[in-house]
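Below: one structure, written as structure tokens.
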Amino acid sequence: MRKEKVSFEIERAREDQLDELARLYLEGYKGLEEYSYTHPDDVKAYMEWLWRRDPEGIFVAKANGKIVGFVAGDSNWFSKREHKKVGAIHEIVVHPDYRGMGIGQALMKRILEYFKEKGLHTAELWVGDENYKAIDFYRKLGFKEKGQYNYWVRMTLDLNHSKAQ
Ligand SMILES: CC(C)(COP(=O)(O)OP(=O)(O)OC[C@H]1O[C@@H](n2cnc3c(N)ncnc32)[C@H](O)[C@@H]1OP(=O)(O)O)[C@@H](O)C(=O)NCCC(=O)NCCS
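For the sequence shown, the positions run 3 to 167 when the numbering used here is used.
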């Protein structure tokens with residue numbers, strides 16, 4: 003269900019924002035702990051890993067001057083399943099108070115545009131098999147389920163025929 007709109011902008015993340023992203027991640031994954039890191043040290047290490055993977059591939063959504071969502075993409079990911087380099091979406095989180103306002107969708111559009119700028123043809127992500135909200139969200143953007151490994155569902159999107167842009 004769509005809530006009242008807020009105005010927000012999407013910007014490239016800076017390294018000095020990683021601690022803020024870690025706090026947002028912990029807040030955003032409440033209730034989904036089986037699919038997330040929960041110890042602050044692990045979350046910090048994860049944010050640093052995301053940054054190292056692709057420092058240009060993290061985008062934040064800002065509303066009223068504060069970060070309310072981010073997406074972490076990776077234009078250097080080699081997919082074993084696709085046997086080629088893909089644009090991997092490692093993470094997307096929107097603060098619970100700001101969900102259902104189109105912020106997640108805007109972040110996804112930005113990362114998919116970035117992958118296209120990098121000449122990539124496929125986007126790939128893994129989502130928890132009972133994270134139905136996120137699965138629906140990705141389906142709406144045109145992602146398709148491509149099998150499962152343990153409790154992770156793999157989804158891909160053809161960037162050349164994507165309705166998300
Ligand atoms: C998944 C997530 C990023 C979506 O962000 P969001 O800002 O709420 O998404 P949007 O408002 O852009 O919604 C886009 C579409 O997704 C669907 N959607 C989003 N929230 C929904 C909800 N609560 N219930 C049903 N559908 C929902 C809607 O169909 C919406 O389409 P619409 O434009 O027709 O309304 C957010 O729920 C989140 O942070 N979840 C926790 C972290 C997580 O699970 N990340 C994914 C890990 S793989």
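Ideal Cβ placement from N, Cα and C applies to all residues, glycine included.
Fair warning: this is a prediction, and the values are worked out from it, not measured in the lab.
* Asked: Cβ of residue 152 within 7 Å of any heavy atom in ligand 1?
  -> no
* To do: Verify whether the separation of the beta carbon atoms of residue 61 and residue 25 is less than 8 Å.
  => no
* Out of 80, 36 and 56, state which residue places its alpha-carbon closest to the alpha-carbon of residue 74. => For the options 80, 36 and 56, the alpha carbon positioned closest to that of residue 74 is the one of 56.
* residue 89: which of 40, 142, 126 and 68 sits nearest, CA to CA? -> 126
* Whole angstroms is fine: what's the gap from residue 153's alpha carbon to residue 36's? => Using only the alpha carbons, I get a separation of about 10 Å.
* Distance, residue 67 Cα to residue 128 Cα -> 30 Å
* Asked: Taking C-beta to C-beta, are residue 63 and residue 72 nearer than 8 Å?
  -> yes
* Asked: Under the three-state reduction of DSSP, which class applies to residue 89: helix, strand or coil?
  -> strand
* Considering only the beta carbon of each residue, do residue 92 and residue 52 sit closer than 8 Å? -> The Cβ atoms of residue 92 and residue 52 lie closer than 8 Å to each other.
* Asked: Going by the beta-carbon positions, is the gap between residue 76 and residue 59 smaller than 8 Å?
  -> For residue 76 and residue 59, yes; Cβs fall inside 8 Å.
* To do: Go ahead and label residue 140 buried or exposed: buried means 16 or more other beta carbons lie within 10 angstroms of its beta carbon, across all protein chains shown.
  => buried
* To do: Locate the alpha helix (DSSP H) running through residue 139, then write down its first and last residues.
  => 134–142
* Under 7 Å from any heavy atom of ligand 1, does the C-beta of residue 49 make it? -> no
* Heavy atom of ligand 1 less than 7 Å from the Cβ of residue 138, yes or no? -> yes
* Classify residue 80 as buried or exposed, calling it buried when 16 or more other Cβ atoms lie within 10 Å of its own Cβ. => exposed
* To do: Determine the contact status of residue 143 and residue 107, defining contact as a CB-CB distance below 8 Å.
  => yes
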